[in-house]
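All remarks here apply to the structure that follows.
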């Protein structure tokens, strides 16, 4: 060692402890600093600030660079403490520094290893804390393995319950469960060779074209399922293609519901091909899709080749006049169709002309025709009226929300006088006034077939209510009369109330939103005191009725011990808490508090047994 007041030892030759020392190796040095006057010496590590107090065993060690007087003193002290001769002292003087170096190196090594080396245990802990984490860039999807496993178990449990239902009940509704494509693949297996379920709804479950493939190989082996509902699932044209390919070999499904499934013309084309080859389907629902003229043409071409289809639903598509014209040609060669739903297709007068011509040549027995919301005017009503005159099978006719006006109403009324099959007719929302409804009323005079008449959303006013009431007082067989939003006011209510005193057929009466107020309610109340064996339901919602009007109706029903009314609606009126307290004296609180009062509550409400 060099002779100096302090000695330095380089640690470059020390063995590698770990990667944590690599940052220190370039400049790490340690020094012994102290004086002979002090027996307590310190070990300094430079450049790091680390201090270690020297062990008492090393207090006798002296640096070789100290003066000769100190070295002699050191040897003498060692001789006294147990070295018998000079040779031994010489050996000791040469061995002890080496031993000191080894001891210091060992201690330093342990210190550095303890404080600077990365801990394997902490690394292990860090690993275990994140082990099994599933990461996703989607928000909220970084689930720990345990939680994900729990969710997975719960989902499987739910699917197992659904599968059990499919094997246990004849009718199963799984709409809105959001199990998606994977869930459908799991559940579809329960349909194969299933001898129980006959009707199943998978509507609104997020099923796509990929999920529809789950039926492949399953529906072919099922001979019990009759109703399959996939409405509200975005399967698109590709999904329709896969489904139709599967149903080609199915001999049990009779009702296929594909409403709001993003079908276009290509999907309609695939369904048309299915109709040509499948002889089992009875009902196909394709409402609220994107089927245009081309799709209508494909479906029309399949009708002459199919003798089993009964109901065709195409509401809310884009057929237009051209689509109606194509359908008319297909209907001429079809004998099986019983219901045709074309609501909301913007057919127009020209489309109606072509369609009525095709229906007139139709050799089948069409019983239901829905032409609502198709921009039909008085001109189109003429073509409809001509068909009504010739039809002997039509039972249900819907012309709701067109614009036939009084002129069109008169043409339809004349046709009804010659028709003896139509039982339900809807001419609501057609801009019909008192003149037009008077023509309809005259058609009812000698007609015992029509049982349901919808005239709502037409401004017939009090005069129209009078014309209709005078006929129905003693004539006709109308059981359901709907006059909501007809502007009849209190005066019109007076005519209706007078009619109820004598009529013995009307069971359901709808007078919503007519501005009856308390005066009109009081008129109806006076009639309700009279025994009416037919009337069971009255709707007086949205009529600005206040406390007095509600109280008069409650009193009238209480006074009539033989009342047959089981349901009344006074919702959305102006009945206050004061009115509630007043009517509560006759146990009528529930009538005021609720929009609808059932039969069981009625006895408590009126105070009758």
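Numbering (my numbering), first residue to last: 1 to 609.
Don't be surprised by glycine CBs; every beta carbon is placed ideally from N, CA and C.
If you're wondering where the values come from, they're calculated on a predicted model, not measured in any experiment.
Paired residues, beta bridge with residue 228 - DSSP: 200, 256
Residue 387 burial status per 10 Å Cβ neighbour count (16 or more: buried): buried
Whole-angstrom distance between residue 541 and residue 254, CA atom to CA atom: 40 Å
Contiguous alpha helix (DSSP H) assignments of at least 4 residues, all confined to the segment 484-529: 489-500, 517-528
Status (buried if at least 16 other CB within 10 Å, exposed otherwise) for residue 26: Because residue 26 carries a pLDDT of 43, less than 50, the predicted location of this residue cannot be relied on, and the following value inherits that uncertainty. Result: exposed.
Nearest-angstrom beta carbon gap, residue 358 and residue 339 [assumed within contact, 8 Å]: The Cβ separation is near 15 Å, so there is no contact.
Alpha-carbon spacing of residue 306 relative to residue 176, whole angstroms: 33 Å
Euclidean distance between Cα positions of residue 208 and residue 399: 35 Å
Integer Cβ distance of residue 376 from residue 349, believed to fall under 8 Å: 6 Å
Assigned secondary structure, residue 266 (DSSP; H/G/I helix, E/B strand, else coil): helix
The ligand SAH heavy atom lying under 8 Å from the CB of residue 498: This structure simply doesn't include the ligand SAH, nor any ligand for that matter.
Alpha-carbon spacing of residue 264 relative to residue 230, whole angstroms: 16 Å
Residue ranges of each beta strand (DSSP E) within the segment 395-422, 3 or longer: 396-398
Alpha-carbon spacing of residue 367 relative to residue 355, whole angstroms: 15 Å
Cβ neighbour criterion (16 or more within 10 Å) applied to residue 478: buried
Pick from 402, 330, 566 that is closest to residue 343, judged by C-alpha positions: 402
Residue 601 versus residue 269: straight-line alpha-carbon distance, rounded: Its pLDDT being 44, under 50, residue 601 is placed unreliably in this model, and the value from its coordinates should be taken loosely. Going by the C-alpha atoms only, they are around 53 Å apart.
Segment limits, beta strand (DSSP E) that includes residue 370: 368-370
Which listed residue (445, 362, 525) has its alpha carbon closest to that of residue 303: 362
Three-state secondary structure (DSSP) of residue 248: coil
Cβ-Cβ separation, residue 567 to residue 535 (assumed contact under 8 Å), whole Å: With a Cβ gap of about 10 Å, residue 535 and residue 567 do not count as contacting.
Nearest candidate by alpha-carbon position, reference residue 179, set 161, 194, 167, 192: 161
Residue 283: first and last residue of the uninterrupted alpha helix (DSSP H) it sits in: No alpha helix (DSSP H) contains residue 283, which is instead part of the beta strand (DSSP E) from 283-285.
CA nearest to the CA of residue 379, picked from 395, 412, 528, 391: 412
Outcome for residue 533 when other beta-carbon atoms lying within 10 angstroms are tallied against a minimum of 16: exposed
Best match in 527, 429, 174 for proximity to residue 373 [C-alpha to C-alpha]: 429
7 Å Cβ shell around residue 519 - same chain, five flanking residues per side excluded: 490
Sufficient close CB pairs (3 or more, under 8 Å) joining the segment 191-200 to the segment 217-224: yes
Helix, strand or coil at residue 335 [DSSP, three-state]: coil
Short Cβ contact (9 Å threshold) for residue 496 with residue 467: no
CB contact flag (residue 181, residue 210, <9 Å): yes
Rounded C-alpha distance that separates residue 45 from residue 100: With a pLDDT of 37 at residue 45, under the threshold of 50, the predicted position of this residue should be treated as unreliable, though the coordinate-derived value follows. In a straight line, the C-alpha of residue 45 is about 17 Å away from that of residue 100.
Beta-carbon proximity check, residue 488 vs residue 504, cutoff 9 Å: no
Where the beta strand (DSSP E) containing residue 569 begins and where it ends: 567-569
Cα-Cα separation between residue 614 and residue 494, rounded to whole angstroms: This structure leaves residue 614 out entirely; the chain is present only between 1 and 609.
Residue range of the unbroken beta strand (DSSP E) whose run includes residue 482: 480-482
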